[in-house]
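At position 385 of the sequence shown the residue is numbered 385 (the numbering used here), and the sequence of numbers has no breaks.
Ideal Cβ positions, reconstructed from N, Cα and C, are used throughout, including at glycine.
Below is one structure; the comments refer to it alone.
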Amino acid sequence: MQHAVWSYDAVVYEMNIRQLTKAGTFSAAMRHLQHLCDMGVDVVWLMPIYPIGKVERKGSLGSYYSISDYCDVNPEFGSMADFDAFVKEAHRLGMKVILDWVANHTARDAKWLKDKPVSWYERDENGAAKVPWDWSDTAKLNYAEKEVWCGQIEAMKFWVTKHNVDGFRCDMAMLVPLEFWQEARRELKSVKKNIFMLAEAEGKEFFSDAFDACYGWELHHAMVDVAQGKSRVWELRNKIHSLLSDYPQSSMHLTFTSNHDENSWSGSEQSRFGEALEAMTALTFVLPKSLPLIYTGQEYGYDHSFAFFDKDAMPSFEPNKTTELYRRLCEMKHSFTALRSADLGGSYVEINNNAPDCLLTFVREDQHGRVVYIANLSPYKVFADFHTGIYAGEYTDVVTGEKATLYEHTWGDIEPWSYRLLAQK
1 MQHAVWSYDA
11 VVYEMNIRQL
21 TKAGTFSAAM
31 RHLQHLCDMG
41 VDVVWLMPIY
51 PIGKVERKGS
61 LGSYYSISDY
71 CDVNPEFGSM
81 ADFDAFVKEA
91 HRLGMKVILD
101 WVANHTARDA
111 KWLKDKPVSW
121 YERDENGAAK
131 VPWDWSDTAK
141 LNYAEKEVWC
151 GQIEAMKFWV
161 TKHNVDGFRC
171 DMAMLVPLEF
181 WQEARRELKS
191 VKKNIFMLAE
201 AEGKEFFSDA
211 FDACYGWELH
221 HAMVDVAQGK
231 SRVWELRNKI
241 HSLLSDYPQS
251 SMHLTFTSNH
261 DENSWSGSEQ
271 SRFGEALEAM
281 TALTFVLPKS
291 LPLIYTGQEY
301 GYDHSFAFFD
311 KDAMPSFEPN
321 KTTELYRRLC
331 EMKHSFTALR
341 SADLGGSYVE
351 INNNAPDCLL
361 TFVREDQHGR
371 VVYIANLSPY
381 KVFADFHTGI
391 YAGEYTDVVT
401 GEKATLYEHT
411 WGDIEPWSYR
421 LLAQK
């Protein structure tokens with residue numbers, strides 16, 4: 001599948017407008033775009049920006065994902081003109097903007113419930129719009145009604161043609177027929193050739209003329225399990241190999257240590273990964289087919305689980321060592337074509353080691369350069385013994401910027417959760 005040209009070496013930032021600043025507006029968020037650009041972010045994914053329903057509203061501000069009007073903005077965030085200014089500034093800085101799209105359901109007091117035919121929603125025995133799962137503030141759309149497809153696609157086109165967005169992150173994409181997404185992609189590409197589609201779903205079927213990228217949920221859960229001592233490195237290695245063997249060569253996979261769901265419902269990345277966090281963060285930038293994600297607050301190492309339905313703003317924005325780590329990782333991602341996603345990336349070659357239950361050692365390489373990842377992903381000090389062969393030589397340590405030598409035969413103790421990221425051109 002041909003992807004948007006800009007997406008192959010992209011780093012994605014998920015922006016939670018409500019919590020990013022105390023003001024919680026487009027205008028306030030816009031002032032952070034230069035910082036994100038300087039750090040190396042390429043794509044800003046905005047959590048839903050639309051008006052939120054009031055019926056059965058959760059918390060004081062409601063769920064982003066209970067949408068009352070697909071073609072307007074949440075007045076708490078500002079005006080449509082403010083949104084347009086945000087997109088214009090992002091584009092001026094060379095970044096793309098994608099919107100969170102919620103196709104499965106609307107709010108229970110949505111404009112469509114009032115204006116559209118009864119058949120646009122699935123109904124219970126009393127004629128009321130059904131509630132999907134336990135999302136009591138939402139109403140389930142009826143995809144057996146082809147007019148719903150048309151309404152959704154026209155609403156998506158509204159943001160592309162009138163407000164110049166570059167694509168969509170599609171919420172719970174597996175709850176909507178795949179054929180709808182295929183049709184939506186065709187229609188959207190007819191108005192913007194380089195449209196980008198990310199599915200909050202996982203499976204090779206989503207790459208059948210529907211999406212450019214899907215979530216790496218299985219990989220993420222394997223990383224968490226290793227960090228928490230529930231499994232060993234070979235389980236993580238198996239997930240990496242499944243990305244290479246079970247998916248189309250051109251597939252892209254969103255890789256992350258956090259996102260809005262994980263942060264709000266499972267805790268901060270610090271609480272979930274503990275001492276493994278930095279090694280796992282680096283891993284998301286060097287895995288094959290990887291589209292690395294940074295969630296709001298991660299760029300500052302903010303150890304906090306945001307409230308989902310209420311105001312819970314970031315307290316400060318002081319760059320620190322975590323900010324610098326992300327800057328270096330983004331710079332590496334952009335500098336080495338071997339790390340490009342999908343079929344444009346370089347080879348993934350494992351370096352055999354003496355402790356495969358604890359050590360993950362591999363090389364990403366193409367004709368322009370290579371990156372070597374060496375990590376002890378265990379809580380134990382491990383005596384490592386491995387031969388690097390043709391990969392021996394002089395490198396630059398990505399994290400420290402210092403020169404480093406990778407010897408043909410490497411041995412010695414590696415501390416728990418420690419890693420090295422070595423780059424050579």
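**Study point:** 7 Å Cβ shell around Asn427 - same chain, five flanking residues per side excluded
**Key:** The structure shown has nothing for residue 427, since the chain only spans 1 to 425.
* **Opening and closing residue of the beta strand (DSSP E) in which Tyr326 lies** => Numbered from its first residue, the sequence shown carries residue 326 at position 326. From DSSP, Tyr326 is part of no beta strand (DSSP E) but of the alpha helix (DSSP H) over Lys321 to Ser335.
Requested in this report: For the segment 34 to 51 and the segment 3 to 23, state whether three or more C-beta atom pairs, one from each stretch, are separated by less than 8 Å.
Outcome: yes
(request) Output the residue ranges of the alpha helix (DSSP H) runs that lie fully inside the segment 211 to 253 and measure 4 residues or longer, sorted by chain position. (result) 217 to 227 and 233 to 245
Per DSSP, the bridge partner or partners of Ser409: Taking the first residue of the sequence shown as position 1, residue 409 is located at position 409. The sequence given here has His at residue 409, not Ser. In the DSSP output, where bridge partners are listed per residue, His409 has His387.
What's the gap between the Cα of Pro416 and the Cα of Thr257?
Taking the sequence shown and counting its residues from 1, the one referred to as residue 416 is at position 416. Taking the sequence shown and counting its residues from 1, the one referred to as residue 257 is at position 257. In a straight line, the C-alpha of Pro416 is about 19 Å away from that of Thr257.
| Glu202 versus Cys214 - alpha carbon distance | Against the sequence shown, residue 202 aligns to sequence position 202. Against the sequence shown, residue 214 aligns to sequence position 214. Straight-line Cα distance between these residues: approximately 6 Å.
Option nearest Arg420 by Cα separation, candidates Val371, Glu262 and Gly389: Counting from 1 along the sequence shown, the entry for residue 420 is found at position 420. Among Val371, Glu262 and Gly389, the Cα nearest to that of Arg420 belongs to Val371.
* **Rounded straight-line distance, which links the Cα of Tyr65 to that of Asn104** => Position 104 of the sequence shown, counted from the first residue, corresponds to residue 104. Position 65 of the sequence shown, counted from the first residue, corresponds to residue 65. Cα to Cα, the separation comes out at about 10 Å.
For this session: List the endpoints of the continuous alpha helix (DSSP H) containing Phe86.
Result: What you label residue 86 is simply residue 86 of the sequence shown in a count that begins at 1. Met80 to Arg92 is the extent of the alpha helix (DSSP H) around Phe86.
For Cys170, list the residues DSSP reports as bridge partners.
As a first step, residue 170 must be located in the sequence shown, where it is residue number 170. Answer is Trp101 and Ala199, bridged to Cys170.
Item to check | Candidates Gly62, Lys88 and Gly369: closest to Met332 by CA position | outcome: Residue 332 sits at position 332 when you count from the first residue of the sequence shown. Measuring from the Cα of Met332, the nearest candidate turns out to be Gly369.
Exercise. Answer with buried or exposed for Trp159, where buried requires no fewer than 16 other C-beta atoms within 10 angstroms of its C-beta.
Key: Here residue 159 corresponds to residue number 159 of the sequence shown, with the count starting at 1. With 16 or more Cβ atoms within 10 Å of its Cβ, Trp159 is classed as buried.
Are Lys114 and Glu122 touching if we call contact CB-CB under 7 Å?
-> Taking the sequence shown and counting its residues from 1, the one referred to as residue 114 is at position 114. Taking the sequence shown and counting its residues from 1, the one referred to as residue 122 is at position 122. Their beta carbons are not under 7 Å apart, which means Lys114 does not touch Glu122 by this criterion.
Practice item. Give the range of the beta strand (DSSP E) segment to which Ala279 is assigned. Key: Along the sequence shown, read from residue 1 onward, the residue named residue 279 stands at position 279. Taken as a continuous stretch (DSSP letters only), Ala279 belongs to no beta strand (DSSP E), being part of the alpha helix (DSSP H) at Leu277 to Val286.
Review point. Is DSSP giving Met30 helix, strand or coil here?
Key: For the purposes of this step, residue 30 is taken as the residue at position 30 of the sequence shown. Three-state result, Met30: helix.
Query raised in the report: Leaving out the 5 sequence neighbours to the left and right, which residues in its chain are closer than 6 Å to Asp343 when beta-carbon positions are compared?
Result: Indexing the sequence shown from 1 puts residue 343 at position 343. Here the set comprises Gln249 and Ser250.
| request: Go through its chain and collect everything with a Cβ distance to Glu365's Cβ below 6 Å, but skip five positions before and after it. | output: Taking the first residue of the sequence shown as 1, we reach residue 365 at position 365. Ala338, Gly346 and Ser347.
Since I believe Phe77 is in contact with Gly40 (beta carbons under 8 Å), could you give me their beta-carbon distance rounded to a whole number of angstroms? Taking the first residue of the sequence shown as position 1, residue 40 is located at position 40. Taking the first residue of the sequence shown as position 1, residue 77 is located at position 77. The Cβ separation is near 26 Å, so there is no contact.
By the DSSP assignment, the beta strand (DSSP E) with Arg370 in it spans what residues? Looking up residue 370 in the sequence shown gives position 370. Segment Gly369 to Asn376, the beta strand (DSSP E) holding Arg370.
In terms of alpha-carbon separation, which member of Glu145, Gly167, Ser79 and Lys58 lies closest to Asp134?
Mapped onto the sequence shown, residue 134 falls at position 134. When only C-alpha atoms are compared, the closest one is Lys58.
### Message
DSSP three-state label for Ala107, please.
### Response
Taking the sequence shown and counting its residues from 1, the one referred to as residue 107 is at position 107. Ala107: strand per DSSP, three-state reduction.
Mind checking who Asp357 pairs with in its DSSP beta bridge? Counting from one through the sequence shown, the residue named residue 357 turns up at place 357. None, per the DSSP bridge assignment.
Self-check item: Residue from Asp413, Val363, Ala144 and Val399 with nearest C-alpha to Phe380
Solution: The residue given as residue 380 occupies position 380 in the sequence shown. As written in the sequence, residue 380 is Tyr, which differs from the Phe given in the question. Taking only the C-alpha atoms, the option nearest Tyr380 is Asp413.
Any 3 or more C-beta pairs closer than 8 Å across the segment 318 to 331 and the segment 398 to 412
yes
Between Ile49 and Phe211, what straight-line distance do the alpha-carbon atoms span, to the nearest angstrom? Taking the first residue of the sequence shown as 1, we reach residue 49 at position 49. Taking the first residue of the sequence shown as 1, we reach residue 211 at position 211. Cα to Cα, the separation comes out at about 22 Å.
Fill in: Closest residue to Val434 among Thr138, Pro117 and Gly167 (Cα-Cα distance)
For residue 434 there is no data in the structure shown, the boundaries of the chain being 1 and 425.
- [ ] Tell me where the beta strand (DSSP E) around Arg272 begins and ends.
- [x] Residue mapping note: residue 272 aligns to position 272 of the sequence shown, counting from 1. Taken as a continuous stretch (DSSP letters only), Arg272 belongs to no beta strand (DSSP E), being part of the alpha helix (DSSP H) at Glu269 to Phe273.
Report the start-end ranges of each beta strand (DSSP E) in the segment 288 to 318 that is 3 residues or longer and not cut off at the edges. 290 to 295
Q: Identify the continuous alpha helix (DSSP H) that holds Glu187 and give its terminal residues.
A: Indexing the sequence shown from 1 puts residue 187 at position 187. Counting along the chain, the alpha helix (DSSP H) containing Glu187 begins and ends at Leu178 to Val191.
Leu46 - partner residues in DSSP beta bridges: If you number the sequence shown from 1, residue 46 lands on position 46. BP columns for Leu46 point to Met15 and Leu99.
Just verifying my parser: in three-state terms, what is the DSSP assignment at Val148? Looking up residue 148 in the sequence shown gives position 148. Val148 falls in the helix class under three-state DSSP.
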